[in-house]
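Residue numbers (the numbering used here): 2 to 344. The structure under discussion appears below in the form of structure tokens.
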């Protein structure tokens with residue numbers, strides 16, 4: 002009898018360990034918390050969704066026309082983008098607060114669950130007792146709420162990205178959220194740890210698929226935005242090259258400007274190469290989660306190169322402005338410099 006009871010506890014304890022291994026904090030949205038943005042591939046999406054709108058506004062400002070009608074249209078577009086950014090920031094704030102709340106809820110529930118596990122290990126508590134089941138259910142529900150909060154953040158980013166295929170990607174994420182909601186109902190109806198383990202395996206499958214979808218969707222959207230920015234950068238480098246050459250012809254010592262322009266072009270080229278490396282992974286078949294993380298890391302490096310290039314660009318604009326170029330060229334430099342200084 003004693004041996005049978007011990008085996009029963011051992012089996013139930015194994016189930017508890019299985020629950021922990023199937024839903025480790027590292028595989029949940031915990032690593033995607035806004036408080037750990039540097040280690041979160043999807044953080045790109047949040048940062049890029051904001052910066053991409055700034056870049057769109059800046060690019061429009063930099064392409065100013067001499068006609069007043071075109072300038073007014075540009076101003077209207079800038080105001081529209083400004084309103085869009087404001088709406089996005091408000092929504093982001095709310096979603097990030099919800100994410101923090103669910104993270105805290107998850108951590109507390111996990112702590113309680115671990116205490117229950119220890120009591121079961123010490124044979125102080127029946128695994129299928131009401132107390133043990135309630136603690137396990139709370140832990141699983143808080144995990145799912147955290148997952149849903151994470152996916153809601155991804156949805157928001159995609160909705161404001163205006164990327165290709167955005168609607169399709171959002172539909173897929175909505176489907177995953179609905180599946181997770183169904184699992185919450187199954188958890189409520191479960192009457193044993195064995196049933197909960199089966200539910201956990203199902204939840205893990207949904208989460209892994211959802212996470213892969215979100216990683217791919219976020220990365221592809223960022224890559225698309227990066228591509229547009231790099232195309233604009235190539236055009237801009239040609240214009241800057243012409244301006245530097247004009248200054249050189251007037252007798253200005255442009256050696257430093259030429260060096261900075263060469264560095265700018267080098268960073269843009271490096272960013273393009275890393276973007277292409279990421280795209281080759283996104284466009285591959287049977288891409289794993291690890292592959293997607295590698296692709297997103299390439300994008301992180303690409304964005305870092307772009308940041309360095311923009312820093313040099315501001316210095317170039319500043320020097321060109323100091324030369325007090327007059328006429329149309331002067332107007333263009335002024336219009337490009339002003340929005341860039343706000344980045």
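C-beta: ideal position from N, C-alpha, C; glycine also.
Under 8 Å, do residue 199 and residue 155 count as touching if we go by C-beta distance? no
Taking C-beta to C-beta, are residue 300 and residue 227 nearer than 8 Å? yes
Taking all protein chains shown into account, do 16 or more other C-beta atoms lie within 10 angstroms of the C-beta of residue 91, making it buried, or fewer, making it exposed? exposed
Less than 8 Å between the beta carbons of residue 348 and residue 317, yes or no? Since the displayed the chain opens at 2 and closes at 344, residue 348 lies outside it and no answer follows.
Determine, using beta-carbon pairs with one atom in the segment 86-101 and one in the segment 141-154, whether at least three such pairs fall under 8 Å. yes
Comparing alpha-carbon positions, which option in 178, 251 and 312 lies nearest residue 268? 312
What separation, rounded to the nearest whole angstrom, lies between the Cα atoms of residue 170 and residue 253? 53 Å
Residue 175 - containing alpha helix (DSSP H), residue span: 167-190
For residue 107 and residue 162, believed in contact at Cβ under 8 Å, the rounded distance: No, residue 162 and residue 107 are not in contact; Cβ-Cβ is about 27 Å, not under 8 Å.
Got a sec, what are the start and stop residues for the alpha helix (DSSP H) residue 254 sits in? Note, residue 254: premise wrong, no alpha helix (DSSP H); not H, not E.
Please list the terminal residues of the continuous alpha helix (DSSP H) segment that includes residue 134. 131-160
Would you mind working out which of 187, 186 and 160 sits nearest residue 174, comparing C-alpha positions? 160
Could you tell me whether the segment 277-290 touches the segment 243-250, using the rule of 3 or more Cβ pairs below 8 Å? no
Can you tell me where the alpha helix (DSSP H) holding residue 319 begins and where it ends? 290-323
Pick out whichever of 189, 127 and 117 has its Cα sitting closest to the Cα of residue 138. 189
If residue 262 sits next to residue 320, beta carbons under 8 Å apart, how far is it from one beta carbon to the other, in whole angstroms? So it is not a contact: roughly 10 Å between Cβ atoms.
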